[in-house]
Amino acid sequence: MPNFISGTITVILSLVDKHYSKIFHKIFNIRQKSDYKEFVELSAEDATEFVNLASESLSGIKNFLQKL
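Below is the structure:
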């Protein structure tokens, strides 16, 4: 039985590729910074990277769900 902790993202690595776990954590951490600091500045390159990572993750999730 997986252990879910309130307020965190838990990924079951046997079901989801470890690569996507790293992406989720990276995106989650930048979101946390922007939520709890007065001002977080991202460059256009950073924003583009996060959009690309989110798009890649979405494709991975779709592939994962199709295999179920």
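Numbering (my numbering), first residue to last: 1 to 68.
Backbone N, C-alpha and C define an ideal beta-carbon position, used for all residues, glycine too.
The model shown is predicted, which means the values in this text are computed figures rather than measured ones.
field: Burial state of tyrosine 36 (16 or more Cβ within 10 Å)
entry: With fewer than 16 other Cβ atoms within 10 Å, it is exposed.
message: Can you find the residues in the same chain that come closer than 7 Å, C-beta to C-beta, to serine 59, ignoring five residues on each side of it along the sequence?
response: For serine 59, where only same-chain residues beyond five positions count, there are no Cβ hits under 7 Å.
- prompt: Taking Cβ to Cβ, would you say leucine 42 is nearer than 7 Å to isoleucine 23?
  reply: No; because the gap between Cβ atoms is not below 7 Å, this pair is not in contact.
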